[in-house]
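Beneath this line is the structure, given in C-alpha cells, with notes to follow.
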Amino acid sequence: MAASVPGDYRPAPRAFAGRTVLVTGAGDGLGRSVALEAARYGAEVILLGRTVRKLESIHDRIVEAGGPPPALYPMDLCGANPDDYADMAGRIDEAYGRLHGIVHGAAAFRGLAPLAHIEPEDWVRTVHVNLSAPFLITRACLPLLQRVPDAAVVFVGDTSGQRARAYWGAYAVSKCGVEGLAGVLAEEVESAGTPRVACVHPGPMRTGLRRRAFPAEAPDVSAEPDAVAGGVLFALDPAAPIVHGASVDIE
Numbered sequence: 090m091a092a093s094v095p096g097d098y099r100p101a102p103r104a105f106a107g108r109t110v111l112v113t114g115a116g117d118g119l120g121r122s123v124a125l126e127a128a129r130y131g132a133e134v135i136l137l138g139r140t141v142r143k144l145e146s147i148h149d150r151i152v153e154a155g156g157p158p159p160a161l162y163p164m165d166l167c168g169a170n171p172d173d174y175a176d177m178a179g180r181i182d183e184a185y186g187r188l189h190g191i192v193h194g195a196a197a198f199r200g201l202a203p204l205a206h207i208e209p210e211d212w213v214r215t216v217h218v219n220l221s222a223p224f225l226i227t228r229a230c231l232p233l234l235q236r237v238p239d240a241a242v243v244f245v246g247d248t249s250g251q252r253a254r255a256y257w258g259a260y261a262v263s264k265c266g267v268e269g270l271a272g273v274l275a276e277e278v279e280s281a282g283t284p285r286v287a288c289v290h291p292g293p294m295r296t297g298l299r300r301r302a303f304p305a306e307a308p309d310v311s312a313e314p315d316a317v318a319g320g321v322l323f324a325l326d327p328a329a330p331i332v333h334g335a336s337v338d339i340e
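Quick note, the sequence shown lines up with residues 90 to 340 if you use my numbering.
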C-alpha cells in the first residue's frame, strides 16, 4: 500500500521517551539526521556506523541537546558476518532487554557504471551492505522487537529500486531487493502484530551518495537529509496512522 508523509512531520513531545532505536549508517546522511531527531524526541538511540569519530560527534551533539546518551556500535557492515550480527543483538539484549525500532539507513554506492564495467567485488559489497545486512540485522533482532507490542522496522528504499534504471547497477538491484524484503517481512509478522514494517522513499537528498551519482548537480536540487528525517520518524512513531507494510513517499 502506497502512502505519503511530509518530511517535516513532528511527533508529539517526548513521543519516543523510553524507546530504544537502532539506526544503521548513523555517521552520515539520512541515518545521522534520523538519529539526532529520534533522540530529540526522547529515544535511546544505538548509533551503528563505520567511523568512530563520526559516531562520537553525534553522541556529543545528542547529549549537549539534553537527549538520552546514545550507545555507540562501530561496525563495518561490509566485513561483518552472521555471527557479528548475532553478537550485536545479544549486546542490545543485555543492555536494554528489548528493541522498539530499527532504521536501516546505511547504504553503499560506488557510482554510475554499466553492468559490464562493475567489478565483482564492488557488486558483492554493495548488495551486502544494502540488502543482506538489513536482512541479517532484522533477523538477529526480531526476537527483541517482538517483545514490545508497537515496534517498527523501517527500510529505506529508492526510486531506482521501484523502476529499473540503466547504470545504477548493484545499487538499484539491492534496492529492488529491499522493497521485496520489506514486503515479505510485513506479511510474515502480520499475525504477530509486531513489528510494524514500512519502506520509506526519501527522494533525492544532498548526500555523498548523491554527489557520487551527480557531481555537477546544483546544491539546491536535492533536499538536506534533515528536511526529510521527519518522514522516517513518522514510520517509527507508534502514534502515527501508518499502515503495516506501507510504502511511504516522503514529500
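Note that beta-carbon positions come from the ideal geometry of N, C-alpha and C, so glycine has one too. The model shown is predicted, which means the values in this text are computed figures rather than measured ones.
About 18 Å separates the Cβ atoms of residue 289 and residue 218, ruling out a contact at the 8 Å cut-off. In the DSSP assignment, residue 301 falls within the alpha helix (DSSP H) that extends over 297 to 302. Exposed is the label assigned to residue 140, since fewer than 16 other Cβ atoms lie within 10 Å of its Cβ.
The beta strand (DSSP E) runs of length 3 or more contained entirely in the region 164 to 211 are, from start to end of the chain, 190 to 193.
Judged by beta-carbon spacing, residue 105 lies within the 7 Å limit of residue 127, meaning their Cβ atoms are closer than that value. Distance between residue 131 and residue 184, taken at the CA atoms: about 17 Å. CA-CA distance, residue 306 to residue 175, rounds to 41 Å. In the DSSP assignment, the residues bridged to residue 286 are 242.
Between the beta-carbon of residue 292 and that of residue 312 there is about 7 Å, and that keeps the pair under the 8 Å contact cut. By alpha-carbon distance to residue 110, the top candidate from 255, 232, 188, 224 is 188. Sixteen is the threshold: since fewer than 16 other Cβ atoms of the shown chains lie within 10 Å of the Cβ of residue 213, the residue is exposed. For residue 147, the enclosing alpha helix (DSSP H) starts and ends at 141 to 153. For residue 335, the enclosing beta strand (DSSP E) begins and ends at 335 to 339. Going by C-alpha positions, residue 233 is about 15 Å away from residue 133. In the structure shown, residue 306 falls within a coil segment according to DSSP collapsed to helix, strand and coil.
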